[in-house]
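**Q**
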Amino acid sequence: MALENVRLEVMKTVEKSVDGFIDKYLIPVDDIWQPTDLLPNLQNENYNEEIIQIREEAKELGYDFWVVLVADMVTEEALPTYESWLMDMEGVKQHGASRGEQNSWAKWVRHWTGEENRHGDTLNKYLYLSGRVDMREIEKTTQHLINDGFDIGTGRDPYRNFVYTSFQELATNISHKRVGQLAKKKGNKMLAKMCNIIAGDEMRHYMAYREFVKTIFEHDPSEMMLAFQDMMKKKIVMPAQFIRESGDDIASAFENFSNAAQRLGVYTTYDYIEILRKLNSYWEIDKMTSLTDEAEKARDYLMKMPDRMARIADRIAVPQDQHQFKWVAPNGTL
133 MALENVRLEV
143 MKTVEKSVDG
153 FIDKYLIPVD
163 DIWQPTDLLP
173 NLQNENYNEE
183 IIQIREEAKE
193 LGYDFWVVLV
203 ADMVTEEALP
213 TYESWLMDME
223 GVKQHGASRG
233 EQNSWAKWVR
243 HWTGEENRHG
253 DTLNKYLYLS
263 GRVDMREIEK
273 TTQHLINDGF
283 DIGTGRDPYR
293 NFVYTSFQEL
303 ATNISHKRVG
313 QLAKKKGNKM
323 LAKMCNIIAG
333 DEMRHYMAYR
343 EFVKTIFEHD
353 PSEMMLAFQD
363 MMKKKIVMPA
373 QFIRESGDDI
383 ASAFENFSNA
393 AQRLGVYTTY
403 DYIEILRKLN
413 SYWEIDKMTS
423 LTDEAEKARD
433 YLMKMPDRMA
443 RIADRIAVPQ
453 DQHQFKWVAP
463 NGTL
């Protein structure tokens with residue numbers, strides 16, 4: 133049977149568990165938090181006091197912090213790209229067999245999108261109210277990122293896609309959590325709470341996607357191992373890899389944003405390495421048997437990769453010079 137057909141059969145098998153994953157890892161609309169729960173409610177009489185508090189607390193946050201928060205928000209706002217990419221995976225159908233029926237995979241993607249949508253919405257409103265950034269420049273960057281799309285090296289292959297989402301959801305959990313910790317240190321409890329709650333969503337999503345991969349390993353271990361190796365060889369690129377400022381070329385802002393994140397310790401090369409260690413451990417690839425010779429070599433490669441990457445990372449210095457973004461004025465003031 134062709135590899136594509138095997139994948140489709142495995143996807144159909146895993147799909148039987150997807151509704152259970154939705155119940156376990158996603159939260160019903162009426163029960164989950166909404167941005168208004170974390171932001172000033174303009175229907176309340178004291179809304180102006182809360183906005184003043186946001187603006188005062190925002191003054192304590194430094195330049196690199198604002199760069200990272202803006203880029204994190206823009207990454208979340210490019211959600212239309214991510215949804216359309218996931219909906220195009222092999223095995224995902226827009227609808228089920230009868231009119232109005234949802235294919236379980238499509239249902240997962242839509243419900244996941246609904247939860248993720250709140251993240252960019254929350255951070256966007258916070259940035260707008262803070263008065264510390266140029267929202268028009270940020271909005272142009274967001275539109276560019278959606279227009280430019282992205283290429284994460286997965287094609288339509290669900291195996292590779294789920295390796296990517298497992299990795300990326302944990303990366304965003306780390307990033308949002310660290311931003312929240314920095315905000316809290318500066319006395320910004322409101323922003324800290326936002327980031328921590330968003331990080332909690334990302335952790336739930338990570339736990340779901342890693343289960344997808346674990347289940348696929350049970351049904352098609354050799355091909356899943358080869359897909360895992362292929363993604364790590366190519367390197368997991370961030371969703372914002374093509375980020376740019378107005379008037380600049382595609383992807384021109386990513387390296388400077390990444391450097392700011394590393395200087396802050398929000399997301400570093402060592403975090404990347406640690407995520408790979410966690411995935412190797414959770415999927416227990418060292419204990420897998422009945423692999424093809426090629427898959428065994430892939431497994432050995434993946435097991436050695438974290439230590440090899442750590443040795444390289446020890447020799448790389450993070451640039452300390454700050455790039456001047458159009459999004460943020462020097463020292464985080466306008």
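All the letters of the sequence shown, read from the start, carry residue numbers 133 to 466 under our numbering. For every residue, glycine included, the Cβ atom is placed at its ideal position computed from N, Cα and C.
#1: Just grab the DSSP bridge partners of Val265 for me.
#2: Between Asn176 and Pro167, what straight-line distance do the alpha-carbon atoms span, to the nearest angstrom?
#3: Helix, strand or coil for Arg376? Go by DSSP, reduced to three states.
#4: DSSP three-state call for His468: helix, strand or coil?
#5: On the CB-based measure, 16 or more other CB atoms within 10 Å of its CB, does Arg443 come out buried or exposed?
#6: Are three or more beta carbon pairs between the region 365 to 381 and the region 267 to 287 nearer than 8 Å?
#7: Specify the secondary structure class of Asn173 as computed by DSSP and reduced to three states.
#8: Can you tell me whether Glu355 is helix, strand or coil according to DSSP?
#9: Relative to the C-alpha of Glu208, which candidate in Ile330, Leu174 and Glu192 has its C-alpha closest?
#10: Going straight from the alpha carbon of Ala324 to that of Leu201, what length do you get?
#11: Under the assumption that Arg399 contacts Ser307 (Cβ atoms under 8 Å), give the Cβ distance between them as a whole number of angstroms.
#12: Taking its Cβ as the centre, do 16 or more other Cβ atoms sit within 10 Å of Lys366, making it buried, or is it exposed?
#13: Between which two residues does the alpha helix (DSSP H) carrying Gln313 extend?
#14: Looking at Glu247 and Asp333, is the spacing between their C-beta atoms short of 8 Å?
#15: Could you check the C-alpha separation between Met236 and Ser149 for me, to the nearest Å?
#16: Starting from Asn180, trace the alpha helix (DSSP H) in both directions and tell me its first and last residue.
#17: Across the region 182 to 200 and the region 240 to 257, are there enough close Cβ pairs to call them in contact, namely three or more that are closer than 8 Å?
#18: Would you mind working out which of Cys327, Asp439, Lys346 and Leu434 sits nearest Leu314, comparing C-alpha positions?
#19: Within 10 angstroms of its Cβ, does Asp220 collect 16 or more other Cβ (buried), or is it exposed?
#20: Could you work out which residue in Gln454, Trp198 and Asn180 is closest to Leu259 when comparing CA atoms only?
#21: Assuming Tyr338 contacts Glu301 (C-beta within less than 8 Å), just tell me the rounded distance between them.
#22: Below 8 Å on the Cβ atoms is my guess for Met322 versus Ile417; work out the distance and round it to an integer in Å.
#23: Enumerate in chain order the residues of its own chain whose CB-to-CB distance from Val241 is below 7 Å, with the five nearest sequence positions on each side excluded.
#24: Can you grab the Cα-Cα spacing for the pair Glu181 / Asn320, in whole Å?
#25: What span of residues does the alpha helix (DSSP H) with Ile284 cover, start to end?
#26: Would you kindly work out how many angstroms separate the C-alpha atoms of Val450 and Asn137, rounded to a whole number?
#27: Grab the span of the alpha helix (DSSP H) containing Ser390 for me, first residue to last.
#28: With distances taken Cα to Cα, identify the nearest neighbour of Pro172 among Gln185, Val161 and Leu423.
#29: Of the choices Met205, Met335, Ile375 and Tyr414, whose alpha-carbon is the least far from that of Ile159?
#30: Helix, strand or coil: how does DSSP classify Pro212 here?
#31: Does any heavy atom of the ligand PLP sit closer than 7 Å to the C-beta of Lys257?
**A** With the structure as the only source:
#1: Looking at the DSSP assignment, Val265 forms a beta bridge with Val460.
#2: Each residue's Cα considered, the two are about 15 Å apart.
#3: Taken through DSSP and simplified to helix, strand or coil, Arg376 comes out as coil.
#4: No answer is possible for residue 468: the residues shown for the chain start at 133 and end at 466.
#5: Exposed: under 16 other Cβ atoms inside 10 Å.
#6: Result yes; three or more Cβ-Cβ pairs closer than 8 Å.
#7: In the structure shown, Asn173 sits in coil (DSSP, three-state: anything other than H, G, I, E or B).
#8: Correct three-state label for Glu355: helix.
#9: Of all alpha-carbon atoms in Ile330, Leu174 and Glu192, the one lying nearest the alpha-carbon of Glu208 is that of Ile330.
#10: As the crow flies, the alpha-carbon of Ala324 is around 12 Å from that of Leu201.
#11: Here the sequence assigns Tyr to residue 399, which means Arg is not the residue at that position. Rounded to whole angstroms, the Cβ separation of Tyr399 and Ser307 is 5 Å, and the two are in contact under 8 Å.
#12: With a threshold of 16 other beta carbon atoms within 10 Å, Lys366 falls short and is exposed.
#13: If you look at Gln313, you'll find it in the alpha helix (DSSP H) that goes Pro290 to Lys317.
#14: Yes, the pair counts as a contact, with Cβ atoms nearer than the cut-off.
#15: For clarity, residue 236 is Ser in the given sequence; the question names Met instead. Spanning the two alpha carbons is a distance of roughly 9 Å.
#16: Element bounds for Asn180: Tyr179 to Ala190.
#17: The region 182 to 200 is not in contact with the region 240 to 257.
#18: If you compare the alpha carbons of Cys327, Asp439, Lys346 and Leu434 with that of Leu314, the shortest gap goes to Cys327.
#19: The residue is exposed, with fewer than 16 neighbouring Cβ atoms inside 10 Å.
#20: A check of alpha carbon separations from Leu259 across Gln454, Trp198 and Asn180 identifies Trp198 as the nearest.
#21: Going by Cβ atoms, the distance from Tyr338 to Glu301 rounds to 4 Å, so yes, they are a contact pair.
#22: Here Met322 is actually not in contact with Ile417; their C-beta atoms are around 42 Å apart, not less than 8 Å.
#23: Here the set comprises Glu215, Leu218, Met219 and Val224.
#24: Roughly 15 Å separates the two Cα atoms.
#25: Under the DSSP assignment, Ile284 falls outside any alpha helix (DSSP H); it carries neither an H nor an E label.
#26: So the two alpha carbons sit approximately 45 Å from each other.
#27: Where Ser390 is concerned, the enclosing alpha helix (DSSP H) stretches over Phe386 to Leu396.
#28: Among Gln185, Val161 and Leu423, the Cα nearest to that of Pro172 is on Gln185.
#29: Nearest C-alpha to Ile159: Met335.
#30: Residue state, collapsed to three classes: helix.
#31: In the structure shown, the ligand PLP is absent, as is every other ligand, since no ligand is present at all.
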